[in-house]
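Asks:
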Amino acid sequence: MAPLLRRRRRRVLLLPLPYHGHINPMLRLAAALHSRGGLAVTVVHTETRAAEARRILPPGCALVTVPDGLTPDQLAASNDVPAFVTALNRNCLAPFRDILAAALGEEEECVVVVVADVDWYAPLAAAREMGVPALALMTSNAARFRVYLGYPRLCEKGYLPVQDLHVMVPDTARHVAYADLLDRIVAGVRQSSGLILNTFDGIERADIELIRRDTCIPVFPVGPLHALSPAAPAPAQLSSDHPEDRSCLEWLDTQVQGSVLFVSFGTLATIDADELTELAWGLAGSNRPFVWVVRPRLVRGRDSVDLPCEFLKETRGRGMIVRWAPQEEVLSHPAVGVFVTHCGWNSTLESMSKGVPMICKPCGGDQLGTARYVGDVWKVGVRVGVNDKLREGIQVAIKTLMAGKEGEAIRNRMKEMRDVVSKCIGKGGSSDLALQELIDFIDLS
Ligand code: UDX
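Mapping of the sequence shown onto my numbering: position 255 corresponds to residue 270, and the numbering continues sequentially without gaps.
#1: Please list, in chain order, all residues of the same chain as residue 348 whose beta carbon is under 6 Å from its beta carbon, the five residues on each side excluded.
#2: Could you spell out the range, first to last residue, of the beta strand (DSSP E) harbouring residue 462?
#3: In three-state terms, what does DSSP make of residue 190?
#4: Helix, strand or coil for residue 101? Go by DSSP, reduced to three states.
#5: Using a Cβ distance threshold of 8 Å, determine whether the region 146-159 contacts the region 118-128, with at least three qualifying pairs required.
#6: Pull the bridge partners of residue 153 from the DSSP assignment, please.
#7: Counting only runs that start and end within the region 53-125, where is the alpha helix (DSSP H) found for 4 or more residues in a row?
#8: In this structure, does DSSP put residue 465 in helix, strand or coil?
#9: Are residue 104 and residue 136 close, meaning C-beta to C-beta below 8 Å?
#10: Leaving out five residues on either side along the sequence, give the residues of the same chain with a beta carbon under 6 Å from the beta carbon of residue 44.
#11: Measure the Cβ-Cβ separation of residue 115 and residue 54 and say whether it is below 8 Å.
#12: Taking 7 Å as the cut-off, is the beta-carbon of residue 57 closer than that to any non-hydrogen atom of the ligand UDX?
#13: Hey, out of 411, 64, 277, whose CA is closest to residue 263's CA?
#14: By the 10 Å Cβ neighbour count, where 16 or more other Cβ atoms means buried, how is residue 361 classified, buried or exposed?
#15: In whole angstroms, give me the CA-to-CA distance for residue 252 and residue 195.
#16: So who's on the other strand from residue 234, going by DSSP bridges?
#17: Which same chain residues, not among the five before or five after residue 378, have their C-beta less than 6 Å away from its C-beta?
#18: Alpha carbon to alpha carbon, how far is residue 337 from residue 408? Give it in angstroms, no decimals.
#19: So who's on the other strand from residue 354, going by DSSP bridges?
#20: Count the other CB atoms within 10 Å of the CB of residue 31; is the residue buried (16 or more) or exposed (fewer)?
#21: DSSP on residue 449, reduced to helix/strand/coil?
#22: Closest to residue 314 by C-alpha separation, out of 286, 333, 332, would be which residue?
#23: Check whether the Cβ atoms of residue 320 and residue 368 sit closer than 8 Å, and answer yes or no.
#24: Pull up the CB-CB distance for residue 237 and residue 226, whole angstroms please, since I reckon it's below 8 Å.
#25: Work out the CA separation of residue 172 and residue 247 for me, nearest whole Å.
#26: Please confirm whether residue 81 and residue 61 have their CB atoms less than 8 Å apart.
#27: With a threshold of 16 other CB atoms inside 10 Å of the CB of residue 86, please say whether the residue is buried or exposed.
#28: CA-CA distance, residue 165 and residue 269?
#29: Confirm, please, whether the CB-CB distance from residue 224 to residue 156 is below 8 Å.
#30: Do the CB positions of residue 425 and residue 399 come within less than 8 Å of each other?
#31: Which of helix, strand or coil does DSSP assign to residue 132?
#32: For residue 298, collect the residues of the same chain with a Cβ closer than 6 Å to its Cβ; drop the 5 residues on either side in sequence, then sort them by chain order.
#33: Alpha carbon to alpha carbon, how far is residue 441 from residue 69? Give it in angstroms, no decimals.
#34: Short check: CB of residue 84 to CB of residue 106, under 8 Å?
#35: For residue 249, collect the residues of the same chain with a Cβ closer than 8 Å to its Cβ; drop the 5 residues on either side in sequence, then sort them by chain order.
#36: Relative to the ligand UDX, is the shortest distance from any of its heavy atoms to the C-beta of residue 341 smaller than 7 Å?
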């Protein structure tokens with residue numbers, strides 16, 4: 016009788032980029048690989064914010080910290096994404112090699128596979144050089160990754176850098192730094208063993224297909240990651256270092272179904288002090304109840320945020336201001352009728368999976384493109400025009416969405432979108448199958 020081949024265990028090392036909007040989806044993936052795939056999972060997190068990482072680690076997953084060598088100045092400048100990401104890649108490379116070597120040495124019986132955020136181009140390359148299969152995770156959408164792929168051509172053709180302040184790259188120096196970073200990211204992904212996308216066939220099938228053709232590597236569209244695994248940690252465990260204010264959920268219980276505006280601009284986006292005032296008066300003028308997340312540093316260049324006293328007086332009882340909300344739970348609440356959002360990709364996916372129509376007020380980066388898709392392609396929300404005065408823009412958008420025929424059509428499409436998401440992640444849906452393919456791919460590595 017032929018001897019039985021003993022199957023070697025798989026250990027996946029996952030490297031999230033230390034931004035909340037990137038950590039969340041990576042940890043949801045960690046939970047899914049562990050709970051559904053039965054894979055051993057170690058999250059490799061930068062030493063900075065390691066305490067937070069430990070607190071939000073999915074059950075059953077291990078944590079290893081990697082020294083990031085960032086100076087206080089570099090940490091304070093984490094909003095300068097190209098500089099921050101480049102410094103991280105440079106500083107973490109040698110320690111990451113040591114961690115990987117230790118994992119390979121310790122676990123002779125085990126096959127090690129790396130899954131890193133696309134921005135971790137240096138660890139992806141190091142894993143490859145050490146003969147370890149390495150997959151990249153794009154936490155934003157497929158269209159955004161196509162922008163990465165097409166960036167050099169857009170530069171060659173003279174479309175970039177653009178001179179308009181409202182588009183992705185505002186000045187030449189940043190443009191050069193950005194182009195350089197994207198070059199390295201794309202090269203890293205092209206040489207990796209596969210690409211995992213936090214999106215789904217139901218909305219981006221064509222873009223996903225084009226990425227497959229362009230990169231010639233296996234592509235796994237497994238999103239929305241936050242909705243994927245029933246075994247993923249509850250939202251509260253996944254929130255960042257801001258303490259969650261859950262009193263808004265009780266307040267929502269007292270409100271009429273579909274009547275409340277939920278206003279939130281994610282974790283990084285900033286607005287001008289004037290825009291804050293305009294937004295406040297736009298909400299006040301709508302005469303609708305609202306929950307507004309006003310987190311510290313929401314206003315550019317300021318640590319704390321002061322809302323006009325008159326506004327607070329006028330909206331008392333009708334408006335609730337919180338520093339940090341349990342967003343996924345708020346969006347699930349039947350009282351919430353509209354989401355006023357910056358269109359961060361996680362927020363957009365959360366809104367779609369809960370069927371809440373959106374008012375898009377993008378602040379920069381991928382949010383501008385996502386807002387275009389939400390308003391003009393998927394038609395599940397309305398955009399506040401970049402040239403509109405915010406106060407009037409918000410009020411017009413609220414009226415459009417919450418009353419009238421156009422609003423009704425958008426609300427209905429968003430309900431259909433919720434069903435599309437649910438089908439994709441349900442048994443036999445495209446994301447469910449892609450996740451199984453990913454698990455099988457790791458198993459066969
Ligand atoms: C950033 C970029 O802005 C975004 O465009 C990119 O796609 C990912 O990185 P961020 O600004 O944080 O992300 O926005 P978003 O992607 O929407 O993520 C915010 C996350 O924080 C969401 O998961 C949301 O549920 C959570 N959140 C936000 C809360 O839980 N509570 C809050 O009060 C606010």
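We put the CB at the ideal spot given by N, CA and C, even for glycine. Computed from a prediction, not measured in an experiment: that's the story for all the values here.
Replies: Taking the coordinates as given:
#1: Closer than 6 Å at Cβ, skipping near neighbours: 267.
#2: Only positions 16 to 460 of the chain appear in the structure, and residue 462 is not among them; the question remains open.
#3: Helix.
#4: Residue 101 carries a helical assignment under DSSP once its states are collapsed to helix, strand and coil.
#5: Judged by pairs of C-beta atoms under 8 Å, the region 146-159 touches the region 118-128, as three or more such pairs exist.
#6: Beta-bridge pairing links residue 153 to 212.
#7: Taking only runs of at least 4 residues, the alpha helix (DSSP H) segments lying wholly in the region 53-125 are 65-70, 87-91, 96-121.
#8: In this structure the chain extends from 16 to 460, so residue 465 is not present and cannot be described.
#9: In this structure, residue 104 sits near residue 136, with a CB-CB distance shorter than 8 Å.
#10: So the list reads 240, once near-sequence residues are dropped.
#11: In this structure, residue 54 does not lie closer than 8 Å to residue 115 by Cβ.
#12: If you check the C-beta of residue 57 against the ligand UDX, you find no heavy atom less than 7 Å away.
#13: Ranking 411, 64, 277 by Cα distance to residue 263 puts 277 first.
#14: Buried.
#15: Note that residue 252 scores a pLDDT of 41, beneath 50, so its modelled location is shaky and nothing firm can be said.
#16: Beta-bridge pairing links residue 234 to 210.
#17: The answer, listed in chain order, is 284, 357.
#18: Rounded to whole angstroms, the gap between the alpha carbons of residue 408 and residue 337 is 23 Å.
#19: 277, 373.
#20: It counts as buried.
#21: Correct three-state label for residue 449: helix.
#22: Closest by C-alpha distance to residue 314, out of 286, 333, 332, is 286.
#23: Taking 8 Å as the cut-off, the Cβ atoms of residue 320 and residue 368 do not count as close.
#24: Not a contact, Cβ separation roughly 14 Å.
#25: Legend: pLDDT at residue 247 = 46, less than 50; position of this residue unreliable, no value from coordinates given.
#26: Closer than 8 Å, so yes.
#27: Looking at its Cβ environment, which holds fewer than 16 other Cβ atoms inside 10 Å, residue 86 is exposed.
#28: If you take the alpha carbons of residue 165 and residue 269, they lie about 49 Å apart.
#29: Result no, Cβ atoms of residue 156 and residue 224 do not sit closer than 8 Å.
#30: The beta carbons of residue 425 and residue 399 sit no closer together than 8 Å.
#31: Correct three-state label for residue 132: strand.
#32: Cβ-Cβ distances below 6 Å link residue 298 to 305 in the same chain, with the five nearest sequence neighbours on each side left out; the list follows chain order.
#33: If I take the Cα positions, the gap works out to 30 Å.
#34: With respect to the 8 Å criterion, residue 84 and residue 106 are classified as neighbours on the basis of their beta carbons.
#35: Because the pLDDT of residue 249 is 45, which lies under 50, any placement of that residue in the model is unreliable, and the number read from its coordinates should be weighed accordingly. When the five nearest sequence neighbours on each side are left out, no beta carbon in the same chain lies closer than 8 Å to the beta carbon of residue 249.
#36: Checking the Cβ of residue 341 against the ligand UDX gives yes.
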